[in-house]
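K.L.:
Residue numbers (this note's numbering): 3 to 267.
We put the CB at the ideal spot given by N, CA and C, even for glycine.
Given the structure is predicted, the values throughout are model-derived calculations rather than measurements.
1. Any idea what DSSP makes of residue 220, helix, strand or coil?
2. Report yes or no: do the segment 96-109 and the segment 251-260 share at least 3 C-beta pairs separated by less than 8 Å?
3. Return helix, strand or coil for residue 201, following the three-state DSSP convention.
4. If we count Cβ pairs, one from each stretch, closer than 8 Å, do we get three or more for the segment 180-199 versus the segment 208-220?
5. Quick check: what's the CA-CA separation for residue 112 versus residue 130?
6. Can you pull the DSSP bridge partners for residue 184?
7. Rounding to the nearest angstrom, what Cα-Cα distance links residue 148 and residue 126 in this structure?
8. From residue 71 to residue 140, what does the alpha carbon distance come to, in whole angstroms?
9. Closest by CA to residue 244, which one among 228, 66, 171 and 76?
10. Taking residue 61 as the reference, give the member of 185, 217, 227 and 240 with the closest Cα.
11. Taking DSSP's pairing of strands, which residues face residue 107 in a bridge?
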């Protein structure tokens, strides 16, 4: 399940696309939703309520899709385990293309990602440099503790940059499963009242999506507890402002120069 590709989006799509909900073609926001600052916003008498008794599982799923499409920002955090190891993510992003956060891939290391909506900066750790840049000490000395920039025009890095664009990322976060979701139960996740949808993939492995039932019906958590790849991802900080700060020029290396450095090593 875990991708070996460098592109973070592909890996996250696989991680989140365990089978359930809130995916596919996103449409307009739920017009009935109250103007909350996120899924955790306190409910008021006028706040929209998800009628889980009246709505079918597919209709509830669509509510979550539409709410996700309406978000101006969010935070994705969590981890997934597999035979390869543990994959972790903690990333915030907004509709302006801004993002910041970290991701670790099993056997490859971790990296920090920053974008102000125009420029992109990626700071891998030593293990990540070794995985993709080689183990030459001279190369590592030049690259360690540096940010790569100027890679947005490389097709191989497109998935990476797309993941900083909320509109693109929301289309890729959750993979639309071939099976039909079924209703789960009411609960509370991260202090938020939720209702769950369950779905099984072609291998019979089950995943669960927890959806907020008050205000905007955002996805709150996606978890997979059966099969080889298990873990959970939390969706938080919906519609909160995202602030980013580009690293100083002294800490940045151009992507083209990076490639030249590796080739000449």
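P.N.:
This is what the structure holds:
1. coil
2. no
3. strand
4. yes
5. 6 Å
6. 200
7. 8 Å
8. 46 Å
9. 76
10. 185
11. 111
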